[in-house]
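Novice: Below is a structure I'd like to ask you about.
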Amino acid sequence: MEKKFSEKPSEKKLEEQDRILEEITQNDYEWGFETKIAIDALEKGLNEHVIRQISKLKGEPEYMLRFRLDAYNRWKAMKEPHWAHFDYAPIDYQDIIYYAAPKSEREKALDNIDPELLETFKKLGIELDESKELPKVAVDAIMDSVSVKTMYSEELSKQGIIFCSISEAIKNHPDLIKKYLGSVVPSGDNFFSALNSAVFSDGSFVYIPKGVRCPMELSSYFRINAKESGQFERTLIIADEGAYVSYMEGCTAPMRDKNQLHAAVVEIVVLKDAEVKYSTVQNWYPGDKDGKGGIYNFVTKRGICKGSRAKLSWTQVETGSAITWKYPSIILKGDNTTGEFYSVAVTNNRQQADTGTKVIHIGKDTKSTIVSKGVSAGASQNSYRGLVKVMPNASGAHNFSRCDSLLMGNRCGAHTWPDIQCQNDNAIIEHEATTSKISEEKLFYCQQRGLSAESAVSLIVNGYAKDVLNQLPMEFAAEAQKLLSISLEGSVG
Amino acid sequence: MILETKDFGIRSQNFAHRVCSGRKTDAGLLPIRIEMQTLKETIRSWAQETARHRKSKQDGTGQGFGETMNEIADQALNRFLQLPDPMFDPDARSGMFGEKVSLWKELGSPDFTQRDFPLTQAPFPESFRCDIKGLNVYQILLYNGRVCGPEGKNLLDPASEAVLSEHPCVCRLDELAATGTHKEKLQPFLDEARQALCRKETTTHVKDTADFAQGGRDAAMEQSKWLNRCLSAETLVIYMPKEARLDKPLQIVSLCHGEKPSFVASQIWVLMEEGASLSLVECTDSHPKAEVMAHSLTEIRLEKEASLEYIQLQNVGDSCKVFHDLSVQQARSSRLASYNLTLNGGLTRNNLEVNLNQEEARAELLGLYLQDHEQMAKTQVKVNHKAPKTYSRELFKGVIDDSASAYFKGHVFVSPVADQTEAYQSNRNLLISPKAQAHAKPYLEIYADDVQCNHGVTVGQLDEDALFYMRCRGIPADTARRLLMRAYADEILKPISVDSLREWMTFLVKKRFSGQLQACEQCVLACPEKKTF
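Now the structure itself:
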């Protein structure tokens, strides 16, 4: 292999680079405003009383309270994991508000929602007014611990689709909840899933009945607003036989000096012949350029392809959060099932991301594709961590993984920690990874054709991430591209 | 396997249960728990024996480095005994994949404490002869970890004294230690050992500049070294002065044999001064029926522009376990080409650590492991790029048959100063039976931006199209399969510069793939190809 190394950039170029970097890093976090609304919040701290209160506030049936207390007891016996490539001040779990809700009651009619809230979501680019929304996307808007509004519920229910907040589902669809909640991510799975199972406040619930193709994109939007509170949402998606749904998730938070904890759990059950596409654009507040503040994002996401020919696809664009700990995983249990994972993770300043996936091949002729693109700039650390496991029965399993890292600047780090375990001689596993910086040749080529250094970098990074961005639904792709350019433009001159 | 699923990601309850049970290659946690204390006690008593033995050879003047060696051994033992019990200390198994426990798993077999620990020098079995045809080498013999040959002499040329001056020299360390005159030349080895022992318990990732300077170390590798430092009674020193070269390769035959199951430890230091070059072949051999656990540590220092070809050939009986640690320090423009060839062995673990300390150091690490029956091969490779313009390439290939399993863990570390690093890492596995297993962890940890790094792993089968092509042309399926496997192995063997060795290896691999290697050992006829004792 012929390799050419770039020459060291000249002094002048370096200066310019610094200048551009400065400009970018001083770019304000656009979504960092705070909404002034009255808030109902519980006392700080976590104990059995708090959990009972949460359950009571939400008017939950007895079985949920038992579920929560059981999870809490498991959590108490667990230790926070520290194997990830992170360096952060310890989290004080007693210094967090576990339940905070906007005071106004959740109402079906738009008129009854606090106009402040509407304004907030409008500012975030989300119209909760069904009459105004042009491309039909049903949104479940969640502020702090409660779901504010779920759109198009009625229209969807005509086809038998259930799209509501999980609190409603607990009340109205206990059979489904009892059957599936905790079936993919058991409450004792890990430290953060146990914590979430004990205190989760709200989230979305989706059920697509047999043979139904969901007519519109479903989406939930998470917003942390209250001070010193944590957000613990729980999402459960069930696609019954032959169903299809595309689900999107977005999130933002105000700028605060203090770190806030976000520990979510997402469970997806895909039955025979069904397909679920889950896309995330994660843009929690990443902290300022010195690493002050920002969201600690510890998320457990997992889906299971239960029946044969089921398909699950994760797409994620990770640009926010001070710390990202997230491994959307796929269990390919049925025969001929397919799993996909596409990820772009961008870190800048002092962000730390440790993200990747786990794919377990159990059924025969299962297929998985992993494409992960990491971009690190500033003084950030960006890791890909993944597992591909082929069980003895999974003959004909095929995995292809590709994880690339791009480094910008000499203070950042890019790491790859893959693990491959193959117990079947009939399986094919391919893993490739590269780490490099933006090639000077490509930059030169673009600049020669009249592009500024900044837009050349932006173009190259967008091209680099294209494999993943292409997987996003239309509405999200535009947002993701914008986010990428904001996070990176000009990081390298 | 519960360790792997403990903290991270996927674990549905049924699934976890399935992962935990029914895997025969993984020693469960329970046996380790029972063994832990007795295991530590056994190692303590062995280390005390070793220390007594070592001291009996020292003159007590405190002149040489006898004292330092004793001190290092004591410290190593202490650190080893302080290791937490993985059963009771969750931190000890906090690694995402439970790496820290692996040493205990390997040592913790129930028979460990029953093993012999032979320290007295036994005569080298005269019937042994190296079976590599046409190999013209300087041969140094090690029997159960002890050096054979006249005391106080240069083993390359038994007529001359052991001195580290103008001529290449191979001798025991304690003889040099007694005179103490060459202390400054070997001091870096002692310093390195001492520093490593003073370091705090290593974590899986680096946090501060001190960690960068060390190059992010691996806990399991360090622990394995501690064990060797406190249990090896003798150190073989290979010294190549400035610009020196030998007219033929140097071969070290390390033979293990014992009536009873035993544990042997050996240590080799290789010092290559500026511009020196050497081809070093280290063969680990055993009687096919022996039940030996052999732990060897080879430490290599390559000074400016030195060049070393290092071939490690492991071919021991099915009941033998081989633990080999290789630690290399490379200075400016030095070259290392290392080959790890594992032909046979019950459990073979190779820990390779290469430090590219100065600019333009280059290391090529190649490996081939052929596993069948219930054998297990574990390869850990750590390459630390600590200076700009360094280069490393890893290529490890395995053929795994029957219920054998292979583990590969590669770790490329690029520190912030190591701009313009090139690092390539590749692991290929061929599974040819339904129960064979391959596990790979190709890690990249990179803190510099102007780098070219990549890694790749494949697990798969022989190319069906190629097989079909050959069968179309009248080649029987079996032969076609073997041909393909030989071609696959050839990539590793081809660059070996010692002709006779390369040919012999190709021959052995061929025999191995046709299933004759084992048959040959069990045969009672005295044919020239038979390994004799």
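In order, the protein sequences belong to chains H and S. 1 is the number of the first residue of the first sequence in the working numbering; add one for each residue after it. 494 is the number of the first residue of the second sequence in the working numbering; add one for each residue after it. Glycine is no exception: its CB is placed at the ideal position from the N, C-alpha and C atoms.
1) Quick check on the burial criterion: 16 or more other C-beta atoms within 10 angstroms. Buried or exposed for S:T613?
2) Sort H:A322, H:Y285, H:T355 by Cα distance to H:T315 and report the nearest one.
3) Output the distance between the C-alpha atoms of S:R794 and S:L743, rounded to the nearest integer angstrom.
4) Ignoring anything shorter than 4 residues, give me the alpha helix (DSSP H) runs that lie fully in the segment 393-450 of chain H, in order along the chain.
5) Quick one: list the residues of chain S neighbouring H:A414, beta-carbon separation under 7 Å, in chain order.
6) Return helix, strand or coil for H:R309, following the three-state DSSP convention.
7) Measure how close the beta-carbons of H:K326 and H:N297 come, nearest whole angstrom, since I'm counting them as under 8 Å.
8) In chain H, which residues lie with their C-beta within 7 Å of the C-beta of S:S926?
9) Three or more C-beta pairs under 8 Å: does that hold for the segment 930-945 of chain S against the segment 426-439 of chain H?
10) Do we get a CB-CB distance below 8 Å when we pair S:A854 with the residues of chain H?
11) Who are the Cβ neighbours of S:S1007 in its own chain at under 8 Å, not counting the five residues just before and after it?
12) Three-state secondary structure (DSSP) at S:D958?
13) Between the segment 942-967 of chain S and chain H, which residues of the former have a C-beta closer than 8 Å to a C-beta of the latter?
14) Which one of H:V359, H:V371, H:A465, H:L312 has the shortest CA to CA distance from H:C422?
15) Please compile the residues from chain S whose C-beta is within a distance smaller than 7 Å of the C-beta of H:P418.
16) So, S:A544 versus S:N563, is the Cβ gap smaller than 8 Å?
17) Are there 16 or more other CB atoms within 10 angstroms of the CB of H:T416, so buried, or fewer, so exposed?
18) Is the beta carbon of H:A427 less than 8 Å from the beta carbon of S:V952?
19) Flag H:I429 as yes if its beta-carbon sits less than 8 Å from any beta-carbon of chain S, otherwise no.
20) Residues in the same chain with beta-carbon distance under 6 Å from S:L666, minus the five sequence neighbours each way, listed in chain order, please.
21) Would you kindly check if the distance between the Cβ of H:N382 and the Cβ of H:S405 is under 8 Å?
22) Any heavy atom of the ligand NAD within a distance shorter than 7 Å of the CB on H:Q421?
23) How close, in whole Å, do the beta carbons of S:I745 and S:E775 come, if the pair is a contact with beta carbons under 8 Å?
24) Three or more C-beta pairs under 8 Å: does that hold for the segment 873-891 of chain S against the segment 907-926 of chain S?
25) Determine which residues of the segment 428-455 of chain H have a Cβ less than 8 Å from any Cβ of chain S, and write them out in chain order.
26) What does S:L801 pair with, by DSSP beta-bridge criteria?
27) Rounded C-beta distance between H:N283 and H:T235? I'm assuming under 8 Å.
28) How long is the line joining the alpha carbons of H:L483 and H:N259, rounded to whole angstroms?
29) Tell me whether the beta-carbon of S:A854 lies closer than 8 Å to the beta-carbon of S:S827.
30) Using the Cβ count rule (16 or more neighbours within 10 Å means buried), how would you classify H:H49?
31) Tell me which same chain residues have a C-beta within less than 6 Å of the C-beta of S:Q851, skipping the five on either side of it?
32) For H:A274, which residues from the same chain have a beta carbon less than 8 Å from its beta carbon, with the 5 sequence-adjacent residues on both sides left out?
33) Please classify S:P927 as buried or exposed, where buried requires at least 16 other C-beta atoms within 10 Å of its C-beta.
34) Please return the same chain residues whose Cβ sits closer than 6 Å to the Cβ of H:A477, not counting the five positions on each side in sequence.
35) Counting only beta-carbon separations shorter than 8 Å, does S:P909 have a partner in chain H?
36) What does S:Q930 reach in chain H if we use C-beta pairs closer than 7 Å?
Specialist: On the basis of the supplied data:
1) exposed
2) H:T355
3) 17 Å
4) 440-448
5) I939
6) coil
7) 7 Å
8) D425
9) yes
10) no
11) R975
12) helix
13) D942, D943, V944, Q945, C946, N947, H948, G949, V950, T951, V952, G953, Q954
14) H:V359
15) K934, P935
16) yes
17) buried
18) yes
19) yes
20) T728, V730
21) yes
22) Within the structure as shown, the ligand NAD is missing, as the structure has no ligands at all.
23) 5 Å
24) yes
25) I428, I429, E430, H431, E432, A433, T434, T435, S436, K437
26) S:L771, S:L829
27) Incorrect: roughly 17 Å between the Cβ atoms, too far for contact.
28) 22 Å
29) yes
30) exposed
31) A824, R825, A880
32) I208, A239, D240, E241, G242, A243, Y244, G307, A310, K311
33) exposed
34) L469
35) yes
36) C422, Q423
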